[in-house]
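The structure appears below as structure tokens.
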Amino acid sequence: MDTSGGRFLLYVCLIAWLLAVVLPFGWVIVTSARSTEEIFRAPFGWPEDWSGSLGANYRKAWVKSHFEDYFLNSVLVVSSSLALLLAIACPAAYALARYHSRTFRWLLVYFLSGMMVPVQLLLVPLFFQYKDWSEALTVALSPLFAWFGQNHVEVSLADSHPGLVLLYVSLSLSFTLFILTSFFRTLPTELYEAGIIDGCGEFRAFWTVMLPLAKPGVVTAAIFNFIGLWNEYFLALVFINTDKYKTLPLGLAAVSIQANYRSDFGLLFAGLVIVMLPTLVVYIFLQRYLTQGITLGALKG
Amino acid sequence: MAEVSFKGVKKIFPGGIVAVEEFNLEVHDKEFLILVGPSGCGKSTSLRMVAGLEEITDGEISIGGKVVNDVPPKDRDIAMVFQNYALYPHMTVYKNMAFGLKLRKYPKAEIDKRVQEAAQILGIPDLLDRKPKALSGGQRQRVAVGRAIVRKPKVFLFDEPLSNLDAKLRVQMRTEISKLHNRLETTMIYVTHDQLEAMTMGDRIVVMKDGRIMQVDDPITLYDHPKNLFVAGFIGSPPMNFIPGRLTSEGGAVFFGDGHIRVQLDERLLNGQVQGFMNRNVIFGIRPEDINDTQEVREIRPNTSVKAKVEVIEPVGSESIWYLSAGPATFIAKVNSHVRAEVNREKEIVFNVAKAHLFDPATESAIV
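These protein sequence lines map, in sequence, to chains Y and X. So in the numbering used here, spot 277 of the first sequence is number 723, and the numbers just go up one at a time. So in the numbering used here, spot 345 of the second sequence is number 333, and the numbers just go up one at a time.
Now the structure itself:
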């Protein structure tokens, strides 16, 4: 790619790629400020009344179509999933990367093999599993509820946020361990040893020396999981039925399903932007770590 | 202030690889002891066992009279400097140095005092606010040393601390570490594969090979009286020449070799043991600096000169290295650069037989 011709070709490709990504995105944002009538009159065009349609679309989406609640639900579910996931995966990946016994090797293979299982295959067993666990939990927790003066409380993992979080955490664990283990492996053992000699115990060596060094890897894992979970539709669709528990992707789907009765495309586009925005913001602020994490992980896999 | 003692220490790694065995050694208080040997000889493993980074398979290591086999590294009162510095990249130089003290709950004022003091000693007071990645190799090494000295440990452990530095800086840091030892008067154990580093820095040197101690002595004794072929070949640069041949006696004098190289041994070498090797094969060892050009020697003793072909001449400054051959034997001489010689010509050279060594080819140990 040293020749000017090669360089020109490279730029053409990159610009084409850039346009392919940015144009639809810009179209969605611009269109979210247009009314449905406008959109149908001319799908590609500038908003006639910027502030009016923009405000109307977003207000409708946020309040009337309950994006307010869906957004909050998504934030709640995704953030607690990420917190729990990283709290489990970081120490686990550290241990799997550091100790080289046969048991640990097989344990890692076992975890990674989880990536090969298609989620769709797990749905029915998971449903029954959740049913069994819910019943068991109901029995186990009934004394506690009784103590609070609540009788006949039924615990349900399906159709609940904790149930969804549990699913998200367990199904993301393989991939997260995959990223983090290979990342922890790239860190020099001497740093751990220096920490131990300086006076750290095992946990402190992990917490104050190794974990801060793994920050690019942890951020990478967090972003990938955030994007995946924020947009997660399938599991949420199957496990969440009650409207007030729905996450954003379900809310967006609900809007487009409503389109059967009256197609409000302005509203739909506004909803799309609401869904996309957090991912974009997270990406913009953390992309430095993301690229760093990817390349670092790639150097020594 | 402490002695370190190894009693029958053995280390077997998982998979049955024996890294160190029959390791018996007393490191004196305030001594600068060097562990030297080729890679894989077990020197680093021995050091890491003192640090507590490797478990001891068998035997006993004690520091200051206390057996530390089961004492965790942080309670051994040791500090270690690693080959790749192992500075914490996310902490400033100050924090790197203060970390160990902070963990041990020293008061802030005391930590500050010690860090500033160490920074002064090492000439890095301007760097305290920097992160390690903004430092050069030499500066990083200083910080790593600083991190060790602020702790004021009983024993300092150095694991090839200079091998990542360039040649010039290495020589400079070598002197600085020696000075530091004189100043701190603390027991130091230093691992290196570089025999020159070992010779210049150590009070005593432990030469290791295949997990065993070959010889423990002060540098000059090690140089003058190597106990075996390995030590003789390892210490000194260029290495000692080894020439196989027979010992014969003739009219009361003892000769080594026949044909191309035949020299009469010095009487001082002739102890009872040598008599036992009469008419047997031995290995004759002589250092390059003990082979001279006839011009360099005032008086040539009888039967000590040899005719040899000069194959290569390497001038290294005040001295030149001559690669010589005489019949099947090849050897190296270190001669004054001002002595002229021509490549591919025969030259008469003199062996300083008083400084020669004899080794038993079977056991590889020194006869004299």
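No residue lacks a Cβ here, since even glycine has one placed at the ideal position from N, Cα and C.
Buried or exposed, going by whether 16 or more other CB atoms sit within 10 Å of the CB of residue i?
i, result
"Y/W473", "exposed"
"Y/M562", "exposed"
"X/M266", "exposed"
"Y/Y457", "exposed"
"Y/W676", "buried"
"X/N324", "exposed"
"X/K156", "exposed"
"Y/T737", "exposed"
"Y/S559", "exposed"
"Y/A529", "exposed"
"X/I208", "exposed"
"X/V(-3)", "buried"
"Y/N687", "exposed"
"Y/L698", "buried"
Could you tell me which of the options sits nearest to residue i, measuring between CA atoms?
i, options, result
"X/G264", "X/I279, X/T236, X/H248", "X/T236"
"X/R200", "X/V(-8), X/V6, X/I231, X/L145", "X/V6"
"Y/L532", "Y/G491, Y/N671, Y/V555, Y/S709", "Y/N671"
"X/A(-10)", "X/G25, X/V55, X/K335, X/D46", "X/V55"
"X/G240", "X/Q252, X/I231, X/I223, X/P232", "X/Q252"
"Y/C646", "X/L21, X/V356, X/Q71, X/L89", "X/L89"
"X/D147", "X/A39, X/K295, X/T188", "X/A39"
"X/R162", "X/P149, X/E173, X/L172, X/R171", "X/P149"
"X/A296", "X/I320, X/D198, X/E9", "X/I320"
"X/G28", "X/Q261, X/F272, X/V179", "X/V179"
"X/N259", "X/F87, X/R234, X/H345, X/R135", "X/H345"
"X/R130", "X/L210, X/L184, X/N216, X/Q160", "X/Q160"
"Y/L633", "Y/P658, Y/S499, Y/S620", "Y/P658"
"X/V143", "X/V8, X/T351, X/E19", "X/E19"
"X/S124", "X/N269, X/V81, X/R333", "X/V81"
"Y/S709", "Y/N503, Y/I461, Y/T627", "Y/N503"
"X/H169", "X/I288, X/V195, X/I109", "X/I109"
"Y/V565", "Y/D605, Y/L694, Y/F685", "Y/F685"
"Y/Y614", "Y/F630, Y/T693, Y/L726", "Y/T693"
Does the beta carbon of residue i come closer than 8 Å to any beta carbon on chain Y?
i, result
"X/Y211", "no"
"X/K142", "no"
"X/P95", "no"
"X/Y76", "yes"
"X/I5", "no"
"X/K18", "no"
"X/I109", "no"
"X/G247", "no"
"X/F146", "no"
"X/M68", "yes"
"X/K316", "In the sequence as presented, Lys is not what sits at residue 316 of chain X; that position holds Pro. By this cut-off, X/P316 is not an interface position."
"X/A39", "yes"
"X/P349", "no"
"X/K62", "yes"
"X/G357", "The structure shown does not extend to residue 357 of chain X, since chain X spans only -11 to 356, so no value can be given for it."
"X/N170", "no"
"X/L91", "yes"
So, at 6 Å on beta carbons, what are the nonlocal neighbours of residue i in its own chain, with the 5 sequence-adjacent residues on each side left out?
i, result
"Y/K718", "In the sequence as presented, Lys is not what sits at residue 718 of chain Y; that position holds Leu. The answer, listed in chain order, is V474."
"X/E277", "K322"
"X/K137", "The identity of residue 137 of chain X in the sequence shown is Ile, whereas the question assumes Lys. Result list for X/I137: A106, in chain order."
"X/S293", "E336, V338"
"X/K215", "Q203, A354"
In chain order, what residues of the same chain lie with their CB nearer than 8 Å to the CB of residue i, ignoring the 5 residues before and after it?
i, result
"X/A74", "A132"
"Y/E600", "S580, T584"
With a CB to CB cut of under 7 Å and the five nearest residues on each side skipped, what residues in its chain are close to residue i?
i, result
"X/R128", "Y73, L75, P120"
"X/D17", "M(-11), A(-10), E(-9), T175"
"Y/A507", "F513, L713, A716, G717, I720"
"X/E185", "L150, R162"
I'd like to know whether the C-beta of residue i is nearer than 8 Å to at least one C-beta of chain X.
i, result
"Y/A640", "yes"
"Y/E494", "no"
"Y/G645", "yes"
"Y/L532", "no"
"Y/I730", "no"
"Y/L659", "yes"
"Y/E678", "no"
Please confirm if residue i has its CB atom under 8 Å from at least one CB of chain C.
i, result
"Y/V655", "Here the protein chains are Y and X, and chain C is not one of them."
Exercise for the section: Enumerate, from N- to C-terminal direction, the unbroken beta strand (DSSP E) stretches of 3 or more residues contained entirely within the segment 695 to 737 of chain Y. Expected result: none
Handout entry: Secondary structure, alpha helix (DSSP H): runs of 4+ residues fully inside the segment 606 to 676 of chain Y
Key = 607 to 632, 635 to 644, 661 to 676
Handout entry: Whole runs of the beta strand (DSSP E) within the segment 11 to 97 of chain X, excluding any shorter than 3 residues
Key = 20 to 24, 46 to 51, 66 to 69
Problem - In chain order, each beta strand (DSSP E) run of at least 3 residues that lies wholly inside the segment 110 to 176 of chain X - result: 143 to 147
Handout entry: Uninterrupted beta strand (DSSP E) stretches inside the segment 269 to 320 of chain X (no shorter than 3 residues)
Key = 269 to 274, 279 to 281, 293 to 303, 307 to 314
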